[in-house]
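**Q** For reference, the structure I am asking about is given below.
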Amino acid sequence: MSLDKEKIKHVAKLARISVDEAKVDSLTKDLNSIFKFIEQLNELNTDKVEPLTSILNQSLRSRKDEISDGKIREKILKNSPKKNEEFFVVPKVVE
Amino acid sequence: MSNITNQSLSEILKSIKSKKISSLELTQAYIKNIENAKKLNAFVTTTFDQALENAKKFDNKPNNEQLLSGVPLAVKDLFCTENVKTTAGSNILNNFIPSYESTVTKNLWNNGAFLLGKLNCDEFAMGSSNETSFFGNVINPIGDHLVPGGSSGGSSSALVADLTPATIGTDTGGSIRQPASFTGTVGLKPTYGLCSRWGIVAFASSLDQAGPMTKTVNDCSIMLEAMSGFDDKDSTSINKKKETYSKNLKDNIKGLKIGIPKEYRVDNMPKEIDELWEKGKKILKDLGAQLIDISLPHTKYALPTYYIVAPAEASSNLARYDGVRYGYRSQKGKDLIEMYENTRSEGFGDEVKRRILIGTYVLSSGYYDAYYLKAQKVRQLIKKDFDDSFTKVDAILTPSTPSSAFKIGEKTNDPVSMYLNDIFTVPVNLAGLPALSLPAGLDKQGYPLGLQLIGKALDEQKILNIGYAFEKNCGYKNEIKKWWL
Chain F
-3 MSLDKEKIKH VAKLARISVD EAKVDSLTKD LNSIFKFIEQ LNELNTDKVE PLTSILNQSL
57 RSRKDEISDG KIREKILKNS PKKNEEFFVV PKVVE
Chain A
341 MSNITNQSLS EILKSIKSKK ISSLELTQAY IKNIENAKKL NAFVTTTFDQ ALENAKKFDN
401 KPNNEQLLSG VPLAVKDLFC TENVKTTAGS NILNNFIPSY ESTVTKNLWN NGAFLLGKLN
461 CDEFAMGSSN ETSFFGNVIN PIGDHLVPGG SSGGSSSALV ADLTPATIGT DTGGSIRQPA
521 SFTGTVGLKP TYGLCSRWGI VAFASSLDQA GPMTKTVNDC SIMLEAMSGF DDKDSTSINK
581 KKETYSKNLK DNIKGLKIGI PKEYRVDNMP KEIDELWEKG KKILKDLGAQ LIDISLPHTK
641 YALPTYYIVA PAEASSNLAR YDGVRYGYRS QKGKDLIEMY ENTRSEGFGD EVKRRILIGT
701 YVLSSGYYDA YYLKAQKVRQ LIKKDFDDSF TKVDAILTPS TPSSAFKIGE KTNDPVSMYL
761 NDIFTVPVNL AGLPALSLPA GLDKQGYPLG LQLIGKALDE QKILNIGYAF EKNCGYKNEI
821 KKWWL
């Protein structure tokens, strides 16, 4: 299959990345060459193969549902590009 | 002791413990080297004041019982370090100062080491040449026009230029082993789950593993012992008794069975890689190992599988960079969605964007079965190839890379040719196995080439032992002209 420019713009929208119009052509070319490479997998018949879901011979551990830390609001807010005392601040969402 | 910094970690530790040199003198020697090596661009951040402070603290009250007593270490800038900027080589994290320490770096510090600085790497560890870093490409000390490999390129460059006695990197598809091979050093990707992923900037969570990069196999065993271990904070961490790799290091490999997979002799492989492989086989055979021909029939599908699985996981992991909670935020955009889109467009570099788009596409509605599910099925076949082989052999010997270090800019315009560099390293990540890259020889241009030993899951000790015996009998030695001075 091949990816056209419209498809790439749609995927970029899904990924929340704005794509520079000037770069769409080269991006289309690169992604198509990568997908051509990836699609070698279609040579293989995998109808009877179970998908691999974990490479570990153990299942995921569960932990007790309890708070292990807390009262670290300041630490969490410290790296925010925009905040007030208690909250992350984002552009206006509701009119 | 002006030449202390070109010694191995284990020799340096002996000098510290016997008080031939103080931790402060050692640290000052590395700082001087780093200041004189700015041309290599190996460091993103240095923490000299903090390192000198820690060195003095050690000298005042030395504890020589630790694995890494009084040793300064620089680490890849993918490990979160408390109160020290951690960028992952990206503009989007260029202002990020973690309030926590990654488990593996904490393990190093708990064993007596301290931080010297943060090393450059490909952006979010996505690259094979260290050319995708927001902070510019790193130069290979082997030659001023060569890439140091990637993504742990700052690590390999700093190590071989004597800017740190040992270091750690991360390996998702070859990011420790390929740079080690390109610089004539030792690099180990441990079994998935042996070293905690907690506090490491995530790329592809089912593949990522941290591991040591060192000048010798003995150093590698010391570093692995220090950094590994169960961690409750990583849900895929393996809970098992801690091993003493350095104490158990032995060079007797008589009777071990070494598998030689025919599928690793790929089309157009340079003759010198083939010759290097032959040389490696001969060394192991002369040491009493038995060579056995094996087949890993799905090898050629490993790289296409990787380029579905890794970008898919990356696209989910990197969804967190939204310009709200941490990292860069664009000032452009009239609403929240545009703020997200501009932040991510300005914050990520081209290779990272490319992989996010691949990942988003293969996971998107209507395409999941054709790509992601298909890849997970092929991944099962690749794992089974290894499982079958390991009923017959103790370890597998292959080349580490299909070429020596390439020129800066040589592959940047062709993503697929760049990806092909990881053809021998990627299968191991997909199967979750440990693999060690060892310096083994030079090509006709005089650039280093490496061989790779692949082990069974959690069989690090065995591949370290084989590597140790190999190293003693291979006679490889890096001859670096310090052209940057």
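Protein chains in written order, with our numbering: chain F, -3 to 91; chain A, 341 to 825. All residues carry an ideal CB built from backbone N, CA and C; glycine is no exception. Keep in mind it's a predicted model, so treat the numbers as computed, not measured.
1) Just to confirm, are A:ASP667 and A:ASN435 a CB contact at a threshold of 8 Å?
2) Against chain F, which members of the segment 639 to 663 of chain A pass a CB distance test of less than 7 Å?
3) A:LEU528 and A:LEU770 look like a contact to me (Cβ under 8 Å); what is the Cβ gap, rounded to whole Å?
4) Pair every Cβ in the segment 613 to 625 of chain A with every Cβ in the segment 513 to 520 of chain A, then say whether three or more of these pairs are closer than 8 Å.
5) Are the C-beta of A:ARG537 and some C-beta of chain F separated by less than 8 Å?
6) Quick one, are the C-beta atoms of A:LEU589 and A:SER561 less than 8 Å apart?
7) Please report whether the beta-carbon of A:LYS821 lies at a distance below 8 Å from any beta-carbon of chain F.
8) Using the rule of at least 16 other Cβ atoms within 10 Å of the residue's Cβ for burial, across every protein chain shown, is A:LEU825 buried or exposed?
9) Can you give me the Cβ contacts of F:ILE4 inside the same chain, cut-off strictly under 8 Å, excluding the 5 residues immediately before and after it?
10) Output yes if chain F places a C-beta closer than 8 Å to the C-beta of A:MET341; else output no.
11) Given this structure, state the Cα-to-Cα distance separating A:THR386 from A:LYS622, to the nearest angstrom.
12) In terms of residues, what are the limits of the alpha helix (DSSP H) holding A:SER777?
13) In angstroms with no decimal places, state the Cα-to-Cα distance between A:GLU827 and F:ILE13.
14) I'd like to know if the segment 634 to 646 of chain A and the segment 601 to 612 of chain A are in contact, where contact means that at least 3 CB-CB pairs between them fall below 8 Å.
15) Check whether the Cβ of A:VAL526 lies closer than 7 Å to any heavy atom of the ligand MG, and answer yes or no.
16) Does F:ALA18 have its Cβ less than 8 Å from a Cβ in chain A?
17) Helix, strand or coil: how does DSSP classify A:ILE374 here?
18) How about A:GLU681: is its C-beta nearer than 8 Å to some C-beta of chain F?
19) Where do the N-terminal and C-terminal ends of the alpha helix (DSSP H) with A:GLY807 fall, by residue?
20) Would you mind stating whether A:THR531 and A:PRO774 have Cβ atoms separated by less than 8 Å?
21) May I ask you to report which of helix, strand or coil DSSP gives A:ASP725?
22) Once DSSP output is grouped into helix, strand and coil, what is the label at A:GLN671?
23) Which residues, in order along the segment 516 to 534 of chain A, keep a beta-carbon less than 7 Å from a beta-carbon of chain F?
24) Whether or not the segment 742 to 757 of chain A and the segment 61 to 76 of chain F are in contact is what I'm after, with contact meaning three or more pairs of Cβ atoms, one per stretch, closer than 8 Å; do they touch?
25) Counting Cβ pairs closer than 8 Å, one from the segment 351 to 369 of chain A and one from the segment 389 to 403 of chain A, do we hit at least three?
26) Kindly indicate which residue of A:PHE570, A:ASN343, A:GLY490, A:ASP799 has the alpha-carbon position closest to the one of A:GLY429.
27) Cβ closer than 9 Å: which chain F residues qualify as neighbours of A:VAL756?
28) Just list the residues that DSSP pairs A:VAL424 with in beta bridges.
29) Following the continuous alpha helix (DSSP H) through A:ILE677, name the residue where it begins and the one where it ends.
30) Quick check on F:LYS71 - is its C-beta less than 8 Å from some C-beta in chain A?
31) Between which two residues does the beta strand (DSSP E) containing A:GLN630 stretch?
32) Can a CB atom of chain F be found closer than 8 Å to the CB of A:THR891?
33) Less than 8 Å between CB atoms is the rule here; does A:LYS665 satisfy it with respect to chain F?
34) DSSP state of A:MET553, grouped into three classes?
35) Could you confirm whether any beta carbon from chain A is found closer than 8 Å to the beta carbon of F:GLU105?
36) With DSSP collapsed to three states, give me the class of A:MET341.
**A** If we stick to the structure as given:
1) Residue identity check: residue 667 of chain A is Gly in the sequence provided, not Asp. Against a cut-off of 8 Å, the Cβ pair of A:ASN435 and A:GLY667 comes out as a contact.
2) Within the segment 639 to 663 of chain A, the qualifying residues are TYR641, PRO644, THR645, TYR647, ILE648, SER655, GLY663.
3) So it is not a contact: roughly 17 Å between Cβ atoms.
4) Segments in contact, no.
5) False, the Cβ-Cβ gap to chain F never drops below 8 Å.
6) Annotated as proximal: A:LEU589 and A:SER561, with beta-carbon spacing under 8 Å.
7) Answer no: the Cβ-Cβ gap between A:LYS821 and chain F never drops below 8 Å.
8) Classification for A:LEU825: exposed.
9) Taken in chain order, the residues that qualify are VAL15, VAL20, LEU23, THR24, LEU27.
10) In this prediction, A:MET341 has a pLDDT of 42, which is less than 50 and means its spatial position is unreliable; what the coordinates show is noted afterwards. Proximity of A:MET341 to chain F, defined by a Cβ-Cβ separation below 8 Å, is not satisfied.
11) Between the C-alpha atoms of A:THR386 and A:LYS622 there is a straight-line separation of about 43 Å.
12) Bounds of any alpha helix (DSSP H) do not take in A:SER777; it lies within the beta strand (DSSP E) bounded by 775 to 782.
13) Nothing can be reported for residue 827 of chain A, as the shown portion of chain A is limited to 341 through 825.
14) Cβ pair count under 8 Å is three or more, so yes.
15) Inclusion of the ligand MG in the displayed structure is not the case, the ligand content being empty and no account of it being possible.
16) Interface residue (Cβ-Cβ distance to chain A less than 8 Å): F:ALA18 is not classified as such.
17) Residue state for A:ILE374 is assigned as helix, using DSSP reduced to three classes.
18) Between A:GLU681 and chain F, the shortest Cβ-Cβ separation is below 8 Å.
19) Per DSSP, A:GLY807 belongs to the alpha helix (DSSP H) from 800 to 814.
20) It is a contact, given that the beta carbons lie within the stated cut-off.
21) Under the three-state reduction of DSSP, A:ASP725 is assigned to helix.
22) Looking at A:GLN671 - three-state DSSP - the assignment turns out to be coil, as it is neither helix nor strand.
23) Of all residues in the segment 516 to 534 of chain A, TYR532, GLY533 have a Cβ within less than 7 Å of some Cβ in chain F.
24) The answer is no - the segment 742 to 757 of chain A does not touch the segment 61 to 76 of chain F, with fewer than three Cβ pairs under 8 Å.
25) Yes, they touch.
26) The option with the nearest alpha carbon to A:GLY429 is A:GLY490.
27) Within chain F, the residues near A:VAL756 are ASP26, SER29, ILE30, LYS32, PHE33.
28) The partner list for A:VAL424 (beta bridge, DSSP) reads A:THR421.
29) Here the alpha helix (DSSP H) through A:ILE677 covers 676 to 687.
30) Chain A contact via Cβ: present.
31) A:GLN630: member of the beta strand (DSSP E) spanning 630 to 634, first to last residue.
32) One cannot answer for residue 891 of chain A here, as it falls past the ends of chain A, which runs 341 to 825.
33) In the sequence as displayed, the identity of residue 665 of chain A is Arg instead of Lys. Closer than 8 Å to some Cβ of chain F, the Cβ of A:ARG665 qualifies, so yes.
34) Looking at A:MET553 - three-state DSSP - the assignment turns out to be strand.
35) No information on residue 105 of chain F is available, as it lies outside the stretch -3 to 91 that chain F covers here.
36) Note that A:MET341 has pLDDT 42, beneath the 50 cutoff, so the model's placement of it is unreliable and the number below is only indicative. Taken through DSSP and simplified to helix, strand or coil, A:MET341 comes out as coil.
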